[in-house]
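Working notes, structure below.
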Amino acid sequence: MRTLRTQVVIVGAGPSGLLLSHLLSLRGIESIVVERRTREYVEQRVRAGLLEHGTVEVLREAGVADRLDREGLVHEGFQLRFDGGQHRLPFTELTGWTTCMYGQQEVVKDLIRAREAAGGAVHFGIDDVALFDVESDAPRARCTVQDEPAEIIGDFVAGCDGFHGVCRRSLPAGSFTAYEHAYPFAWLGILAEVPPSTEELIYAVHERGFALHSMRSPRISRLYLQVGPEEPLADWPDARIWAELRTRLAVDGREGLNEGPILSRGVTAMRSFVMEPMQWGRLFLAGDAAHIVPPSAAKGLNLAVADVRRLAAAFAAWYADGTMELLNRYSRDSLAAVWQGQEFSAVMTSLLHRFPSDGAYEVRLRRARLQELVTSRASATAFAENYVGLSRARLVAGGE
Ligand SMILES: Cc1cc2nc3c(=O)[nH]c(=O)nc-3n(C[C@H](O)[C@H](O)[C@H](O)COP(=O)(O)OP(=O)(O)OC[C@H]3O[C@@H](n4cnc5c(N)ncnc54)[C@H](O)[C@@H]3O)c2cc1C
Numbered sequence: 402m403r404t405l406r407t408q409v410v411i412v413g414a415g416p417s418g419l420l421l422s423h424l425l426s427l428r429g430i431e432s433i434v435v436e437r438r439t440r441e442y443v444e445q446r447v448r449a450g451l452l453e454h455g456t457v458e459v460l461r462e463a464g465v466a467d468r469l470d471r472e473g474l475v476h477e478g479f480q481l482r483f484d485g486g487q488h489r490l491p492f493t494e495l496t497g498w499t500t501c502m503y504g505q506q507e508v509v510k511d512l513i514r515a516r517e518a519a520g521g522a523v524h525f526g527i528d529d530v531a532l533f534d535v536e537s538d539a540p541r542a543r544c545t546v547q548d549e550p551a552e553i554i555g556d557f558v559a560g561c562d563g564f565h566g567v568c569r570r571s572l573p574a575g576s577f578t579a580y581e582h583a584y585p586f587a588w589l590g591i592l593a594e595v596p597p598s599t600e601e602l603i604y605a606v607h608e609r610g611f612a613l614h615s616m617r618s619p620r621i622s623r624l625y626l627q628v629g630p631e632e633p634l635a636d637w638p639d640a641r642i643w644a645e646l647r648t649r650l651a652v653d654g655r656e657g658l659n660e661g662p663i664l665s666r667g668v669t670a671m672r673s674f675v676m677e678p679m680q681w682g683r684l685f686l687a688g689d690a691a692h693i694v695p696p697s698a699a700k701g702l703n704l705a706v707a708d709v710r711r712l713a714a715a716f717a718a719w720y721a722d723g724t725m726e727l728l729n730r731y732s733r734d735s736l737a738a739v740w741q742g743q744e745f746s747a748v749m750t751s752l753l754h755r756f757p758s759d760g761a762y763e764v765r766l767r768r769a770r771l772q773e774l775v776t777s778r779a780s781a782t783a784f785a786e787n788y789v790g791l792s793r794a795r796l797v798a799g800g801e
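End of the sequence shown sits at 801 in the numbering used here; the numbers just go up one at a time, nothing left out.
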């Protein structure tokens with residue numbers, strides 16, 4: 402068996418694993434990344450697109466934001482539609498912070514190019530990773546690299562392998578507590594080759610279910626529909642998707658939606674998950690491997706970037722002078738931010754969606770909450786601070 406040595410073994414080349422590898426290399430720390438899928442697959446995987454101000458700053462500091470700064474669409478507010486009317490929430494006016502629309506797959510492409518340019522080791526198509534000795538000071542991953550069995554030994558392992566990855570599943574029973582919640586609906590998301598019908602995101606609350614109009618570029622629209630939890634895609638031909646979007650996004654009975662070829666589609670379960678703690682021995686978990694949120698508040702990618710920034714700083718401190726303080730605090734500090742993201746995601750999910758159990762009473766309560774949001778500056782500001790990530794930044798700063 403071939404033996405490869407590195408400082409940090411990173412499992413998963415999604416945004417978390419790639420960014421961690423890049424941030425470590427900027428501090429002179431070596432890593433080897435092993436990824437189950439092919440490079441083409443991870444570069445095309447359509448997922449998140451709303452980057453908080455803090456996420457953009459991390460990518461800028463890491464020197465991987467040139468294209469993002471050129472092509473990302475900066476937003477200062479969003480539209481909220483309910484009861485046939487439209488209201489604007491001017492989050493930048495309320496908080497001073499903007500958001501940026503830039504596809505997650507573009508962030509991934511930029512990071513892979515940066516790793517490539519720096520000669521970083523990223524191995525794609527490795528589908529048999531198994532972890533050993535993570536409680537020792539020589540944790541290792543065994544897998545097949547370039548058709549040869551290999552053992553990759555590091556000082557640490559970073560589990561950045563997403564919700565369905567192998568790292569969390571490698572932990573012994575009882576080593577962590579899982580907190581979970583499943584929603585009784587899902588999102589049907591499409592990517593369409595058509596200029597967005599709107600400059601700002603539109604969140605539409607409708608009696609038939611929620612709809613979201615988002616975008617990835619001036620040519621590509623991203624749209625979502627609330628659907629049943631196990632909805633078969635076959636039940637949603639193009640014409641039905643567009644008709645439903647037109648209905649749910651209409652204002653004052655008027656429909657105005659640009660339609661075009663659908664490039665990809667998928668159904669995303671709406672669920673929440675948090676593991677506590679996010680560490681076991683020398684295995685540290687980050688991003689979706691440790692926690693997921695429903696996509697309603699667009700927090701998943703942003704929480705993942707925040708974890709990785711904290712973890713990179715903690716590894717750097719250990720390599721600089723052997724201090725364990727930041728590594729020991731990693732899980733606690735990350736979880737404080739994660740739970741805040743969970744809470745806001747749950748608030749936004751219940752505000753926007755129709756639940757199967759809703760009666761007339763719940764519908765009226767939701768309307769009252771929406772009215773409060775668009776008529777009270779105090780409520781709008783509190784909401785906006787969470788939406789742009791300012792509340793979390795404040796929480797983290799208070800904890801440092
Ligand atoms: C449809 C959809 C829409 C979303 N919208 C938003 C949004 O608007 N804003 C937002 O902030 N977030 C959003 N999210 C969430 C966001 O995409 C995730 O939070 C983000 O991908 C987390 O990054 P990650 O690197 O931690 O995990 P992942 O992106 O899941 O990456 C994990 C990587 O590990 C690899 N892997 C898995 N198992 C193994 C293994 N055994 N061995 C080696 N490699 C492995 C996977 O192939 C993958 O490349 C959305 C998610 C979905 C599904």
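Just so you know, even glycine gets a beta-carbon here, dropped at the ideal spot from N, CA and C.
Judged by DSSP secondary structure, M749 falls within the alpha helix (DSSP H) whose first and last residues are E726 to L753.
With 16 or more neighbouring CB atoms inside 10 Å of its own CB, M676 falls in the buried class.
For the pair A635 and R795, the Cα-to-Cα distance works out to about 45 Å.
Counting along the chain, the unbroken beta strand (DSSP E) around E552 starts and ends at E549 to I554. For E494, the Cβ stays outside the 7 Å cut-off from all heavy atoms of ligand 1. Under the three-state reduction of DSSP output, R641 falls in the helix class.
Counting along the chain, E444 sits inside the alpha helix (DSSP H) bounded by residues R440 to Q445.
Under the three-pair Cβ rule at 8 Å, the segment 404-414 counts as touching the segment 550-564. Residue pairing by DSSP places S432 opposite V409 in a beta bridge. Contact between G590 and R623 is confirmed by a C-beta separation of about 7 Å, below the 8 Å threshold. Cβ contact annotation for R489 (same chain, cutoff 7 Å, sequence separation greater than five): G478 and Q480, in chain order. For T545, the enclosing beta strand (DSSP E) covers residues R541 to V546. Sequence-distant partners of C561 (beyond 5 residues in either direction) whose C-beta falls short of 7 Å from its own C-beta, in its chain, are I411, V412, G413, G415, S417, G418, L421, A687, G688 and A690. Rounded to whole angstroms, R482 and L774 show a C-alpha spacing of 12 Å. With a minimum length of 4 residues, there is no unbroken run of alpha helix (DSSP H) contained wholly in the segment 665-689. In the structure shown, G590 adopts extended strand secondary structure according to DSSP, grouped into three states. In this structure, the C-beta of S417 approaches ligand 1 to less than 7 Å from one of its heavy atoms. When rounded, the separation of the alpha-carbon atoms in V434 and S758 is 45 Å. Each of T782, S618 and S746 was checked against the Cα of D470, and the nearest Cα belongs to S618.
When the five nearest sequence neighbours on each side are left out, the beta carbons in the same chain lying within less than 6 Å of the beta carbon of Y720 are those of I430, in order along the chain.
With a threshold of 7 Å, the Cβ atom of G657 does not count as near ligand 1, since no heavy atom of the ligand is closer than that.
With a cutoff of 7 Å, R710 does not count as near ligand 1, since its C-beta is closer than that to no heavy atom of the ligand. The Cβ atoms of F525 and R440 sit closer than 8 Å to each other. For the options L460, L613 and S732, the alpha carbon positioned closest to that of A515 is the one of L460. Two segments are said to touch when three or more pairs of C-beta atoms, one from each, lie closer than 8 Å; by this definition the segment 630-644 touches the segment 577-596. When DSSP states are grouped into helix, strand and coil, L572 belongs to the coil group. In the structure shown, Y503 falls within a coil segment according to DSSP collapsed to helix, strand and coil. Using a cutoff of 7 Å, the CB of D511 does not count as near ligand 1, since none of the ligand's heavy atoms is closer than that.
DSSP, read as helix, strand or coil, puts I527 in coil. Comparing C-alpha distances from D734 to each of S746, A522, E786 and P678 shows the shortest one belongs to P678.
Residue state for R623 is assigned as strand, using DSSP reduced to three classes. Not one heavy atom of ligand 1 falls within 7 Å of the beta-carbon of H476. The beta carbon of L495 is closer than 8 Å to those of R778, A781, T782, A785 and E786 in its chain, skipping five residues each way along the sequence. In terms of Cβ geometry, L736 and A715 do not form a close pair [threshold 8 Å]. Using a Cβ distance threshold of 8 Å, C501 and L474 count as a contacting pair.
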